[in-house]
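If you read the sequence shown in the working numbering, its first letter stands for residue 16, the second for the next number, and so on. The block underneath contains the structure these notes are about, expressed in structure tokens.
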Amino acid sequence: MKLEGSIISEESTREDTESPQPIISVRNLTRVFGKNPETALELHRKGRSKQEIYEETGSTLALTGISFDVMPGETFVLMGLSGSGKSTLLRCLNRLIEPTGGKIRIDGEEIVGMGEEELRMIRRRKLGMIFQNFALLPHRTVLDNVAFGLEIQGVPEEERHKKAEEVLQMVGLGGYGASMPGELSGGMKQRVGLARALTSDPDILLMDEAFSALDPLIKRDMQDELLDLQQRLEKTIIFVTHDLDEALKLG
Numbered sequence: 016m017k018l019e020g021s022i023i024s025e026e027s028t029r030e031d032t033e034s035p036q037p038i039i040s041v042r043n044l045t046r047v048f049g050k051n052p053e054t055a056l057e058l059h060r061k062g063r064s065k066q067e068i069y070e071e072t073g074s075t076l077a078l079t080g081i082s083f084d085v086m087p088g089e090t091f092v093l094m095g096l097s098g099s100g101k102s103t104l105l106r107c108l109n110r111l112i113e114p115t116g117g118k119i120r121i122d123g124e125e126i127v128g129m130g131e132e133e134l135r136m137i138r139r140r141k142l143g144m145i146f147q148n149f150a151l152l153p154h155r156t157v158l159d160n161v162a163f164g165l166e167i168q169g170v171p172e173e174e175r176h177k178k179a180e181e182v183l184q185m186v187g188l189g190g191y192g193a194s195m196p197g198e199l200s201g202g203m204k205q206r207v208g209l210a211r212a213l214t215s216d217p218d219i220l221l222m223d224e225a226f227s228a229l230d231p232l233i234k235r236d237m238q239d240e241l242l243d244l245q246q247r248l249e250k251t252i253i254f255v256t257h258d259l260d261e262a263l264k265l266g
């Protein structure tokens, strides 16, 4: 997928109150890296290439005019080559990267321009993120890693550990709660990352090249595991990948 221009047509953006409403709605999303975003966008509108814009302004156009909807329970795959803007787009959805322009609605709430406290609540309760490099806390047990999001929310220890144990069982890691991340294989670490994201029961999972660092056999197992969990839990998933076979299987 080339992350430039609309992914959906203008006609498909019309409101239809009788149809299910999207859980994620993105309109004209733009992200420019550098000190001269307005100049860069003006040059883009004049037809200059990304390389020409960079040479003239020192700014990089990562995303321009992106629009799409994601429905509840849908697995929405973003596929493209390295450097095409997939991860930037994903991080704009929870504002880990601030958009330069455009609108993003999460379950009906506009998050561009939202205050930090409101945004924090959206991230904690509606969005879970799973990274390629696992992002586990090395000096905490598997159980404490999985329960970390609930700990931040102030959930009592007994309650959060009970929930974490349930989710570990769900992802096939029952009995590993006392283990340390360094004792686990890559596939097991990614299961811990998945469990951590699920423990807070978010409506949406954002997965950034989540399986790309895994061996092929483990990767297929994790893809199957994700499909099974999605069918059971009916989560909305935004999955970033550069792998066509993975995109076709999951999407």
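Even glycine gets a Cβ: it sits at the ideal position worked out from N, Cα and C.
C-alpha of A162 to C-alpha of A55: approximately 43 Å in a straight line. With fewer than 16 other Cβ atoms inside 10 Å of its own Cβ, A150 counts as exposed. For A212, the secondary structure class from DSSP, reduced to helix, strand or coil, is helix. Considered as a whole, the segment 63 to 119 harbours 65 to 72, 101 to 108 as its complete alpha helix (DSSP H) runs of no fewer than 4 residues, in chain order. Looking at the DSSP output, G169 bridges to nothing.
A contact between stretches requires three or more CB pairs, one per stretch, nearer than 8 Å, and the segment 128 to 136 fails this requirement with the segment 202 to 216.
Cβ-Cβ distances below 7 Å link E166 to R175 in the same chain, with the five nearest sequence neighbours on each side left out; the list follows chain order.
The distance from the Cβ of L104 to that of L96 is about 14 Å, inconsistent with a contact at the 8 Å cut-off. Taking the C-beta atoms as reference points, I137 is found nearer than 8 Å to I121. The C-beta separation of I219 from L142 comes to about 5 Å, placing the pair in contact by the 8 Å criterion. Per DSSP, the continuous beta strand (DSSP E) segment holding D223 begins and ends at 219 to 223.
Boundaries of the alpha helix (DSSP H) harbouring L242: 231 to 248, taken from the DSSP string. It is roughly 42 Å from the alpha-carbon of L242 to the alpha-carbon of K50.
Put simply, the backbone Cα of P153 is about 46 Å away from that of L58.
For L142, the enclosing beta strand (DSSP E) has its first and last residue at 142 to 145.
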